[in-house]
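Trainee:
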Amino acid sequence: MRGLGSTMDEKAGLPPYSASGLPAPASGTAHIRGRRAAFRRSRVLKLFGAACLTLLVAGQWTQIWRDDAKAPLLSLDKLNADLQTCQKLRHKPQDPIGLGRDKNARWIPGSQPTLIKNATIWIGEPVEGTSEADARAGKGWEWIQGDVLLEHGLIKRVENHISSQSLPKDTKVFDAAGRQLTTGIIDMHSHAGVDSLPFLRGYADTNEVSDDITPWARSIDAINPFDPQIEVIKSGGVTTSLILPGSGNSMGGEAFTIKHAVGPKNGRKEISAQDLLADPDRNWRFMKMACGENPKRVHGGVDKRPFSRMGESFNFRHAFEQARALIQRQDDWCDKADAIGVENMEEYLPQEIFWESLAAALRGQVHINTHCYTITDLEAMVDHTNEFKFPIRAFHHAHQTYLATEILKRTYGGRPPASALFADNMYYKTEAYIASEHAGKYLYDANLTTVYVSDNPVLNAQHVLFEAAKGYHYGLPYHAALSAVTSLPAELLGFGNRLGKVKPGFDADIVVWDSDPLSVGAAPVQVWIDGTAQFENPVELQKPTTSPIVPDEELANIIEEPTEIQDVVFHGIIKVLLADAQAFESNGEPLDVFVSQGKIACIGPCSSEYEAAAKAAKVHVQLSNGYLTNSFTGVGGTIGLNDIDGEDVTDNGPNPVAFSRAVDGLRLDSKKLNVAAKYGVTKAISAPKYLSGKSHHGVSVGFLTAAKTVAEKGAVFDSDVAVHYTLDLSARNVGSYSELFGLLRRKLLAAASQDKPAEDPYSEVAYLQKVIAGENVLALTIDNADGIATALRIKAEVEETTSSKIKLAILGGSESHLVAAELAAAKVGVILLPLQAHPNSWDQRRSLPGAPLSNGTTIDYLLDAGVTVAIGLPEDWYVRDLGLEAGTAYHNGNGRLSEKTALDLVSVNVHKILGGKLPEAQAKGHFIVSEGSPLEIGSRIKAVGAGRDKVAVFQ
Ligand SMILES: *[C@@H]1O[C@H](CO)[C@@H](O)[C@H](O)[C@H]1NC(C)=O
Ligand SMILES: *[C@@H]1O[C@H](CO)[C@@H](O)[C@H](O)[C@H]1NC(C)=O
Ligand SMILES: *[C@@H]1O[C@H](CO)[C@@H](O)[C@H](O)[C@H]1NC(C)=O
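Residue numbers (this note's numbering): 104 to 1058.
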């Protein structure tokens, strides 16, 4: 393979300039030697004279002699090497070519050509001749029917029909059967390989936090090619990732772009980081920087900079000053060497490994990616770009860029940085508290670029395409959303001629999808990297072949805040999916839904009802493809007990020892709760957290997300829902597993052995007595299959000893598919946190990634076994996504779920498993009216009944 040598040298020798294809130095060594020998004599004479003169004048013979004596000691070879380095220092990289290669440098000789027949192809750019204005408006981006030929690691032909007779005999043929084909997904913010999963200290190499300024650190030196996540990520169609150092440092170090093909199983010859490099020639280099909360939190302290953002800015400027000074010294040396001949130089080229990569950045050889959330940080960073004259490719986590478009446009270099975003993961720290799920659309309107990224393992990069899908859902045009994980990151990484499009000359990274890539649950049928199919026996889900999504421009009409209306009539309802008895489809004729005083008063032809109520001013809302469904219940998160995950003062606080009731800590009217209500999550069940997120300890409370204070009538619909313990990794801070499980058994037995009610009816013992009596569910947060099995055994042991019947529920459940039959036999329900497990921790390492790697995910096994399943909030930002989560279970369930039973996963099943039922009288005030099924990416919530006397209408 080409390029191995050059990059190997780079690892061994310094500085790591890798600009390839540079002309060899013009003059041969021998020639220079000859000249130098001749020169030496005359120079010695001249210098001798000068020295004598100086001696006479100043009488400092010894010192001068010593200075002069140095020159002859310099190595000519080294000076020549330095002169070559000058060429590299002056080199201005260009994006590497695509067309014009006869093979991809990553191609493995001997791998066969592949013809993909009958695909519906997304080229990645509008048809030729489309005006810029039309392209922006989404015109010319049509899917085309055709065949794609992959050869020598390149896309060779993309045509309506490629006859297989014209091809080499050994050509493999893949019949796409009309399915949709795109280029491989590109994730330009990942820590795969440096932050291997499941987390083990031994593999934690994301941040070199020995110092705040580590431009010298290099992610490639830490990439673990055995990170199982590299394969899992690819199973989501991701073929290329930018592996960045973490954001713990102001300057985190160099990043590297990899392809997700490792070792012989993936068609590669070796298992190495070298072999992962997307561009073995290293045309461009990449660097990570970070502003804001992280560097000051990690490094700051009294007497330790940066304590504040002021210190951060100084650290940046100071570092750039050092790099700039190095550049000056190097340029002076190179210019002088050119002028007087390198053999006449009296010192070597100044080189400092500490500042080498930052100097390269200032020379324009490095694409900088900066983690920067807030206007404050963005503005400071943009100032630095102008002071030190360097551009920035993208701001990452750039939650506030949609509010700072003019600042972005002031960035040095004339090209505003792109925003690398999550679609709706926010509120996890102060920097992420001002953010919008519509940011992509707002940035688009400002002519700025959005790309969606995973920050794996923050999000599971397997599903980074779903971020783009949600971008579309929240208003970004379809073509811009798909570009945001294909052609746009390709271009930002300098691979605009090689990656991100399905065109001849591009690398043969291809995905054939089982459904539209921006539809809910889309999964690859097969993935090719550099022309090699990556999955030997890919599992293909049973999905009807569907046409590509017809982009719905209505999604771009964003209504941020609803209007509160007392009486309203919705027309055009075609499906009603409420309680079991109330699930039906209209028979052709769309129905009306009349909502009066915030409650559903009539479903059907309702004219007599709403006309009878004519006194009240009524609003009529006409819907197309209208749905009336249950509202959702958010469970397992911290909503109601926390507003900013990372800010203690907004939090109820941890309960590692104390056993408390969530109802005593509820704080309503938070941003998270307002968002929940807006997205149809009108009820929530939250438990006090144990230590960190997704851990529970105490008694959960059922409450209404739209209530303004806990004093409001009906705000708390069940003050004591379930009794929670956490027996997972977060509990390990308190004791061993053996100790914790044993302790739970002891507590249950102790509670059962008391023949009187506990003196304090709100004590732990009192609640455990209710558990023994079967009045409250015992809810255990456990991901690990053996942990769950142990909990089932303890339940049986206690039941046998005490002749009780304990109602048990499992929260988490990442590995619960392994004990599905046992859960079903014990009638234990599971609340998945999240639906699609992300094996972050050792406890979750047997999680199933789903198709094409596994036949189904946890939920499918649980449903097949007859376990009652619900989907909860592993993190609070999921409140916007519950409908789409249920949609994923629906679409990827091979027909196991109907629309109704899928929606039950985020509504009625929560209550079946945990209890905490809304009183019958209140139920009619809780519903969602939407256009399109809430399970679909193209759906729009039009109204939410959140148990108040008015309904929130989006119009
Ligand atoms: C392409 O696939 C579709 C869907 O399976 C099928 O109806 C059509 O006949 C196929 N066309 C060709 C040329 O094979
Ligand atoms: C965006 O670009 C279009 C065309 O290039 C232009 O008409 C429009 O005014 C620009 N909008 C903004 C906010 O700059
Ligand atoms: C996946 O599992 C289902 C049963 O749940 C089975 O019917 C199907 O054949 C399996 N598919 C594959 C590809 O193994």
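Heads up, the beta-carbon is just placed ideally off N, CA and C, and yes, glycines get one too. Values in this document were obtained by computation on a predicted structure and should not be read as measured data.
What do you reckon, are the CB atoms on residue 974 and residue 992 nearer than 8 angstroms?
Mentor: The answer is yes: Cβ separation under 8 angstroms.
Trainee: Is the segment 672-684 close to the segment 999-1018, with three or more CB pairs under 8 angstroms?
Mentor: Counting Cβ pairs under 8 angstroms, three or more are found: they touch.
Trainee: Considering only heavy atoms of ligand 2, does any lie closer than 7 angstroms to the CB of residue 925?
Mentor: Residue 925 Cβ: outside cutoff for every heavy atom of ligand 2.
Trainee: Which residues in the same chain as residue 466 place their Cβ atom closer than 7 angstroms to its Cβ, once the five residues preceding and following it in sequence are excluded?
Mentor: Excluding positions up to five away in sequence, the list reads 192 and 430.
Trainee: Tell me whether the segment 632-648 and the segment 272-286 touch, counting them as touching only if at least three CB pairs, one residue from each stretch, are closer than 8 angstroms.
Mentor: Because the criterion of three Cβ pairs below 8 angstroms is met, the segment 632-648 and the segment 272-286 touch.
Trainee: Suppose the cutoff is 6 angstroms on Cβ atoms and the five residues either side in sequence are ignored; what does the same chain contact list for residue 955 look like?
Mentor: For residue 955, where only same-chain residues beyond five positions count, the Cβ hits under 6 angstroms are 338, 627, 638, 641 and 642.
Trainee: Which partner residues of residue 705 appear in the DSSP bridge assignment?
Mentor: In the DSSP output, where bridge partners are listed per residue, residue 705 has 697.
Trainee: Using alpha carbons as the reference points, say which of 1040, 715 and 870 lies closest to residue 697.
Mentor: For the residues 1040, 715 and 870, the minimum Cα distance to residue 697 belongs to 715.
Trainee: Am I right that residue 452 and residue 433 are in contact with their C-beta atoms under 8 angstroms? What's the rounded C-beta distance?
Mentor: 6 angstroms between Cβ atoms; contact.
Trainee: Please write down, chain order preserved, every residue whose beta carbon lies under 7 angstroms from a heavy atom of ligand 2.
Mentor: Output, sorted by chain position: 235, 236, 239, 548, 549 and 550.
Trainee: Applying the 10 Å Cβ sphere with the 16-neighbour rule, what's the burial state of residue 576?
Mentor: The residue is buried, with at least 16 neighbouring Cβ atoms inside 10 Å.
Trainee: Leaving out the 5 sequence neighbours to the left and right, which residues in its chain are closer than 6 angstroms to residue 946 when beta-carbon positions are compared?
Mentor: Once the five neighbours on either side are set aside, the close Cβ partners of residue 946 are 831, 832, 886 and 887.
Trainee: Whole angstroms are fine: how far does the CA of residue 1032 sit from the CA of residue 525?
Mentor: Roughly 27 angstroms separates the two Cα atoms.
Trainee: Considering only DSSP beta bridges, list what residue 210 is partnered with.
Mentor: None, per the DSSP bridge assignment.
Trainee: Determine the DSSP secondary structure at residue 215, reduced to helix, strand or coil.
Mentor: Looking at residue 215 - three-state DSSP - the assignment turns out to be coil, as it is neither helix nor strand.
Trainee: Measuring from each Cβ to the nearest heavy atom of ligand 3, keep the ones under 7 angstroms and list them in chain order.
Mentor: Here the residues come out as 642, 643, 958, 959, 963, 967 and 997.
Trainee: Please classify residue 536: does DSSP put it in a helix, a strand, or coil?
Mentor: Coil, per DSSP.
Trainee: Do you know offhand how far residue 109's Cα is from residue 953's?
Mentor: Confidence at residue 109 is low in this model, with a pLDDT of 32, below 50, so its placement is unreliable and no value can be given for it.
Trainee: Give the secondary structure of residue 741 by DSSP, where H, G and I count as helix, E and B as strand, and everything else as coil.
Mentor: The answer is coil: DSSP assigns residue 741 none of H, G, I, E or B.
Trainee: Just reading off the alpha helix (DSSP H) that residue 1061 is part of, what are its end residues?
Mentor: This structure gives no information on residue 1061, because the portion of the chain shown stretches from 104 to 1058.
Trainee: Report yes or no: is there a C-beta of chain B within less than 8 angstroms of the C-beta of residue 442?
Mentor: Here there is only one protein chain, and chain B is not present.
Trainee: Any idea what DSSP makes of residue 771, helix, strand or coil?
Mentor: Note: residue 771 maps to coil in three-state DSSP.
Trainee: Are there any heavy atoms of ligand 1 lying less than 7 angstroms away from the beta-carbon of residue 263, as far as the coordinates show?
Mentor: No - ligand 1 has no heavy atom lying nearer than 7 angstroms to the Cβ of residue 263.
Trainee: Which same chain residues end up closer than 7 angstroms to residue 1052 when comparing Cβ atoms and leaving out the 5 residues on each side of it in sequence?
Mentor: Hits under 7 angstroms: 669, 700 and 701.
Trainee: In terms of alpha-carbon separation, which member of 353, 322 and 517 lies closest to residue 347?
Mentor: Per the Cα distances, 322.
Trainee: What first and last residue would you give for the alpha helix (DSSP H) that runs through residue 715?
Mentor: Run containing residue 715: 710-715, per the alpha helix (DSSP H) assignment.
Trainee: What does the Cβ neighbour count give for residue 812, buried or exposed, with the cut at 16 atoms within 10 Å?
Mentor: Exposed is the call here.
Trainee: Who sits around ligand 1, taking every residue whose Cβ is closer than 5 angstroms to one of its heavy atoms?
Mentor: Qualifying residues, in the order they occur: 221, 280 and 281.
Trainee: If I follow the unbroken beta strand (DSSP E) through residue 276, where does it start and stop?
Mentor: Residue 276 -> beta strand (DSSP E) spans 275-278.
Trainee: What is the rounded straight-line gap between the Cα of residue 841 and the Cα of residue 893?
Mentor: For residue 841 and residue 893, the distance between alpha carbons rounds to 10 angstroms.
Trainee: Per DSSP, which one or two residues make a beta bridge with residue 845?
Mentor: In DSSP, residue 845 forms no bridge with anything.
Trainee: At what residues does the beta strand (DSSP E) containing residue 568 begin and finish?
Mentor: Not the beta strand (DSSP E): residue 568 falls in the alpha helix (DSSP H), residues 567-576.
Trainee: In whole angstroms, what separates the C-alpha of residue 414 from that of residue 739?
Mentor: Cα-Cα distance, rounded: 39 angstroms.
Trainee: As an exercise, report each continuous beta strand (DSSP E) stretch of at least 3 residues that is fully enclosed by the segment 946-990, in chain order.
Mentor: Qualifying beta strand (DSSP E) stretches, in chain order: 972-974.
Trainee: Can you list, in chain order, the residues of its chain whose CB lies under 6 angstroms from that of residue 709, leaving out five sequence neighbours each side?
Mentor: Hits under 6 angstroms: 695 and 697.
Trainee: Between 486, 500 and 816, which lies nearest to residue 516 when the distance is taken from Cα to Cα?
Mentor: Of 486, 500 and 816, the residue nearest in Cα terms is 486.
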